[in-house]
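Below: one structure, written as structure tokens.
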Amino acid sequence: MAKTKQEKTSLSTNNKASFDFSGGWNYSPSPESISHVKLKERYGLYIDGKFVAPESGKYFRTSNPATEKALAEVAHANEADVDKAVKAARKAYENVWSKLSAKERGKYIYRIARLMQERSRELAVVETMDAGKTIRESRDVDVPLACSHFFYYAGWADKLEYAFPNRKVSSLGVAGQIIPWNFPLLMAAWKIAPALATGNTVVLKPAETTPLTAMLLAEIIHESGLPAGVVNIVTGFGDTGAAIVNHEDVNKIAFTGSTNVGKIIQKAIAGTSKKLTLELGGKSANIIFEDAPIDQAVEGIVNGIFFNQGHVCCAGSRLFVQESVANEVIRKLKDRLDTLYVGDPLDKNTDIGAINSREQYETIQKYIEIGKKEGAEMYESSCSLPKNGLFIRPTLFTNVAQSGRIAQEEIFGPVLTIQTFRTIDEVIQKANNSPYGLAAGVWTDKGSRIFNLTTKLRAGVVWANTYNKFDPVSPFGGYKESGFGREGGLHGLGAYLKMER
Amino acid sequence: MERLEILKTYKIFIGGQFPRTESGRYYTPLDKKGQPLANMCLSSRKDFRNAVVAARKAFGSWSERAAFNRGQILYRIAEMLEGRKAQFVEELVKQGSTKAKAKQEVELSTDRCVYYAGWCDKYQQIFSSVNPVASSHFNFSALEPMGVVGIIAPQTNGLIGLVSTILPAIAGGNTCVVLASENSPLCAITFAEVLATSDLPGGVVNILTGTEKELVDQFHSHMDVNAVVYSGGNAEHAKVIETGADCNVKRIFIYEQDFFKETAESPYYLTDLQELKTTWHPIEQIGGATGSY
Numbered sequence: 000m001a002k003t004k005q006e007k008t009s010l011s012t013n014n015k016a017s018f019d020f021s022g023g024w025n026y027s028p029s030p031e032s033i034s035h036v037k038l039k040e041r042y043g044l045y046i047d048g049k050f051v052a053p054e055s056g057k058y059f060r061t062s063n064p065a066t067e068k069a070l071a072e073v074a075h076a077n078e079a080d081v082d083k084a085v086k087a088a089r090k091a092y093e094n095v096w097s098k099l100s101a102k103e104r105g106k107y108i109y110r111i112a113r114l115m116q117e118r119s120r121e122l123a124v125v126e127t128m129d130a131g132k133t134i135r136e137s138r139d140v141d142v143p144l145a146c147s148h149f150f151y152y153a154g155w156a157d158k159l160e161y162a163f164p165n166r167k168v169s170s171l172g173v174a175g176q177i178i179p180w181n182f183p184l185l186m187a188a189w190k191i192a193p194a195l196a197t198g199n200t201v202v203l204k205p206a207e208t209t210p211l212t213a214m215l216l217a218e219i220i221h222e223s224g225l226p227a228g229v230v231n232i233v234t235g236f237g238d239t240g241a242a243i244v245n246h247e248d249v250n251k252i253a254f255t256g257s258t259n260v261g262k263i264i265q266k267a268i269a270g271t272s273k274k275l276t277l278e279l280g281g282k283s284a285n286i287i288f289e290d291a292p293i294d295q296a297v298e299g300i301v302n303g304i305f306f307n308q309g310h311v312c313c314a315g316s317r318l319f320v321q322e323s324v325a326n327e328v329i330r331k332l333k334d335r336l337d338t339l340y341v342g343d344p345l346d347k348n349t350d351i352g353a354i355n356s357r358e359q360y361e362t363i364q365k366y367i368e369i370g371k372k373e374g375a376e377m378y379e380s381s382c383s384l385p386k387n388g389l390f391i392r393p394t395l396f397t398n399v400a401q402s403g404r405i406a407q408e409e410i411f412g413p414v415l416t417i418q419t420f421r422t423i424d425e426v427i428q429k430a431n432n433s434p435y436g437l438a439a440g441v442w443t444d445k446g447s448r449i450f451n452l453t454t455k456l457r458a459g460v461v462w463a464n465t466y467n468k469f470d471p472v473s474p475f476g477g478y479k480e481s482g483f484g485r486e487g488g489l490h491g492l493g494a495y496l497k498m499e500r
Numbered sequence: 000m001e002r003l004e005i006l007k008t009y010k011i012f013i014g015g016q017f018p019r020t021e022s023g024r025y026y027t028p029l030d031k032k033g034q035p036l037a038n039m040c041l042s043s044r045k046d047f048r049n050a051v052v053a054a055r056k057a058f059g060s061w062s063e064r065a066a067f068n069r070g071q072i073l074y075r076i077a078e079m080l081e082g083r084k085a086q087f088v089e090e091l092v093k094q095g096s097t098k099a100k101a102k103q104e105v106e107l108s109t110d111r112c113v114y115y116a117g118w119c120d121k122y123q124q125i126f127s128s129v130n131p132v133a134s135s136h137f138n139f140s141a142l143e144p145m146g147v148v149g150i151i152a153p154q155t156n157g158l159i160g161l162v163s164t165i166l167p168a169i170a171g172g173n174t175c176v177v178l179a180s181e182n183s184p185l186c187a188i189t190f191a192e193v194l195a196t197s198d199l200p201g202g203v204v205n206i207l208t209g210t211e212k213e214l215v216d217q218f219h220s221h222m223d224v225n226a227v228v229y230s231g232g233n234a235e236h237a238k239v240i241e242t243g244a245d246c247n248v249k250r251i252f253i254y255e256q257d258f259f260k261e262t263a264e265s266p267y268y269l270t271d272l273q274e275l276k277t278t279w280h281p282i283e284q285i286g287g288a289t290g291s292y
């Protein structure tokens, strides 16, 4: 009793001091049920409307990064498998899909969108289990956005002649699509939906660490009655992707992933007639001016870098704070960091889930070490981490040099670098001083300043007083080494169409 | 007594100036009869790099010019071109064209300048968009120039090919480094003189003469070049450029066509060299005030 009294007293006297969360900030566990999810032990490839065993005879395990326990076995497609998939896609393109009326094509895509919505809870849970992202995110962001992407592009199928003035548009043929592990289902939707709407057939390869929702999507596509071979899904590693890129009968490559692999693909298809879009890495600047609504900005910073464990190509990983408010922003940011709940991705309280794979976990740890060695000052949340699984505390670096590797290279994890600035000119130069150009954030109360900055920042997406917002109608893609081509919106159609006068 | 003709010294065009190549080298393209056309600068890697520096320096202010102002300057280029018609015809004939064909080429080139002058303040309205996102944000996508564009002009049709590749780049606010036709370079330098007297800021267009073979690697490997337009007609060089473009994920466009045709002018040549930027801006939501005003 006495102890409780004492605690109460100290709380009341500490009212005006900064918050102290060191005693813990605990929630009762609130895990999402997985009882409705029935994963198969083994997944084959989805080729020509059938789930088939791989010619390679090889399978690999995909695991839950929160526990590092295996979830299922997945086929490792080799060149022969990819060839089979491309042949199926070609046959479906020639015999069925290109002959179908645009209206009917659209209706298939609508049907896929609806079936996805029906199975959205299952998709969200599997996404969380396979990728380590929080259930709140997969339930409220990834899966709804993936559905709406199909819904949006379905409607374009019979309206393509309005998209590009004075041009006659036609489909390209077979699209080879390679997607990353950070938004497995959403990226599959970003790739498949516009490709189908524009009349192409698809061979899609999901990332090796996150193949499961793509296989569920294959089931949904199968269930929708989409003609066999229109969408083929082949799981595997880099060699599977390379087989798609190098296949002679593929007309278009769409790749989302690292800049390094993007460059290899750009080189590999040089001199061929394959059309290419690349959505690559980033090191996006998030800029806070002194007149910004600071509390909102702090939320924006947190969302910008810690959303999806920082596994976001457009993550606001370089924070620039105007000097006059730097101390305040950093203090509030550290306070906020301590309230972030890192843990079981399936728990609805969790803010930050598991790092996607051991390989990525090691990469992030490597960069944290580099940051320390470079002389930057590190701060990490005091939160406790689960005993098992791949987790990293949200981490900040202050006193970061512009030339530092942690300020220049993409870390792809919950690690934020903080630099300060005095003038607008200075921050524009610093923000643009990067080989990347995917996204940027600007926080200020002044409208004219926002539009001044958005036009000067060399980045494909600029968020003003917000960050990490996505929508199927909103074109997404980068400048410079963040790739080329846009996904989403009317402009996303162009990547999948031949245009003639 | 017969008057001795003053021969023109053809130099290169960098940052609004007409320097000689820093290498001090020259080459002598020949006309159809095997007679020398002129001593041309044999531009070096260093010239190329200087030109990129000039183009990058000019990019900021050129891309921020009012679209209307860019249109006026492009129209001024047409006016200057028209005024030098006789000179261009003469040079084209020297380079092997017939008089009638040369006249047609100069007139078409002038008209193409007018065509792109008109696009400067119009393409944005056609190709940008306001995007109805599901959240409370005003979201729009607008085009922005890519930056510094390397252009390898067609080997044939020394003037129309040049105009058809340069104009869409600069109409959209890019700056460029251009390699003129190796064998028909005369009117490229005369065109540079047109540009220099058209209120076009120095560095927006930089024109080099020399050999494609020597300079092709510079176009794809320079880290401060954002895009390359290749219309030199050499499939091998086209592939070399595409293969080397990965160093900084350059945007590569290979244009193979007859630039006399109407299809050689279109706003899509302009939009090829544009990036699309999407901006999100929150919309205030205050309870109570619902739509029925």
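As they're listed, the protein sequences go chains A and B. Under numbering that gives the first Met the number 0, residue 500 is the last one in the first sequence; the count climbs by one each step, no gaps. Under numbering that gives the first Met the number 0, residue 292 is the last one in the second sequence; the count climbs by one each step, no gaps. Don't be surprised by glycine CBs; every beta carbon is placed ideally from N, CA and C.
Taking just the CA atoms, how far does residue j sit from residue i?
i              : j              : result
E103 (chain A) : A406 (chain A) : 49 Å
E213 (chain B) : A91 (chain A)  : 47 Å
P210 (chain A) : Q154 (chain B) : 50 Å
T66 (chain A)  : G388 (chain A) : 4 Å
Y107 (chain A) : R118 (chain A) : 17 Å
V51 (chain B)  : L44 (chain A)  : 49 Å
G403 (chain A) : A130 (chain A) : 30 Å
N63 (chain A)  : T208 (chain A) : 9 Å
V202 (chain A) : A174 (chain A) : 6 Å
S316 (chain A) : G299 (chain A) : 12 Å
G59 (chain B)  : A77 (chain B)  : 24 Å
T443 (chain A) : V341 (chain A) : 30 Å
Y109 (chain A) : S147 (chain A) : 10 Å
V461 (chain A) : M128 (chain A) : 31 Å
W279 (chain B) : E54 (chain A)  : 47 Å
G484 (chain A) : D470 (chain A) : 17 Å
Whole-angstrom Cβ separation of residue i and residue j, contact assumed at under 8 Å?
i              : j              : result
A513 (chain A) : I232 (chain A) : Outside the shown range of chain A (0 to 500) lies residue 513 (chain A), about which nothing can therefore be said.
G160 (chain B) : S230 (chain B) : 6 Å
I243 (chain A) : I177 (chain A) : 6 Å
N285 (chain A) : Y466 (chain A) : 6 Å
L178 (chain B) : G209 (chain B) : 7 Å
L395 (chain A) : A430 (chain A) : Actually they do not touch by this definition, with Cβ atoms about 18 Å apart.
I13 (chain B)  : N49 (chain B)  : 6 Å
Y151 (chain A) : V472 (chain A) : 6 Å
G15 (chain B)  : A195 (chain B) : 6 Å
I287 (chain A) : Q321 (chain A) : 6 Å
G412 (chain A) : I391 (chain A) : 6 Å
Using DSSP bridges, identify the partner residues of residue i.
i              : result
C175 (chain B) : B:V148, B:V204
C40 (chain B)  : B:Y25
K49 (chain A)  : A:I46
T419 (chain A) : A:V320
F475 (chain A) : A:E486
D346 (chain A) : A:P30
T164 (chain B) : T164 (chain B) pairs with nothing; no bridge assigned.
So which residues of chain B does residue i contact, with C-beta pairs closer than 7 Å?
i              : result
W462 (chain A) : W279
R500 (chain A) : T262
Taking residue i as the query, report the chain A residues whose CB atoms sit under 8 Å from its CB, ordered along the chain.
i              : result
L242 (chain B) : For the record, residue 242 (chain B) in the displayed sequence is Thr; it is not Leu. Under the 8 Å cutoff, chain A gives K266, A269, G270.
Using a cut-off of 7 Å between C-beta atoms, extract the partners of residue i located in chain A.
i              : result
D320 (chain B) : The structure shown does not extend to residue 320 (chain B), since chain B is modelled only from 0 through 292, so no value can be given for it.
Using a cut-off of 9 Å between C-beta atoms, extract the partners of residue i located in chain A.
i              : result
R250 (chain B) : F483
K212 (chain B) : Near K212 (chain B) there are no residues of chain A at all, since even the closest Cβ is about 18 Å away, more than 9 Å.
So with CB distances below 8 Å, who are the chain B contacts of residue i?
i              : result
T453 (chain A) : K276, T278
What residues from chain B crowd round residue i, counting only those whose CB sits closer than 9 Å?
i              : result
L277 (chain A) : V248
Residues of the segment 203 to 223 of chain A in Cβ contact with chain B at a cutoff of 8 Å, in chain order, please. Answer set for the segment 203 to 223 of chain A: empty.
If contact means a Cβ-Cβ distance below 8 Å, which residues of the segment 261 to 277 of chain B contact chain A? Per Cβ criterion, the list reads T262, S265, Y267, E274, L275, K276, T277.
Taking a Cβ distance cut-off of 7 Å, strictly less, list which residues of the segment 119 to 139 of chain B are near chain A, in chain order. For the segment 119 to 139 of chain B, which is checked against every Cβ of chain A, the residues closer than 7 Å are I125, S128, N130, P131, V132, A133, S134, H136, N138.
Would you list, in chain order, the members of the segment 406 to 423 of chain A that have their beta-carbon closer than 8 Å to a beta-carbon of chain B? For chain B, none of the residues of the segment 406 to 423 of chain A brings a beta carbon within less than 8 Å of one of its beta carbons.
If contact means a Cβ-Cβ distance below 8 Å, which residues of the segment 27 to 60 of chain B contact chain A? Against chain A - using a Cβ distance shorter than 8 Å - the segment 27 to 60 of chain B contributes no residues.
Within 7 Å of chain A by C-beta, residues of the segment 2 to 30 of chain B in sequence order: Residues passing the 7 Å Cβ filter: none.
At a CB distance below 7 Å, what residues from the segment 227 to 242 of chain B approach chain A? Give them in sequence order. For the segment 227 to 242 of chain B, which is checked against every Cβ of chain A, the residues closer than 7 Å are K238, E241, T242.
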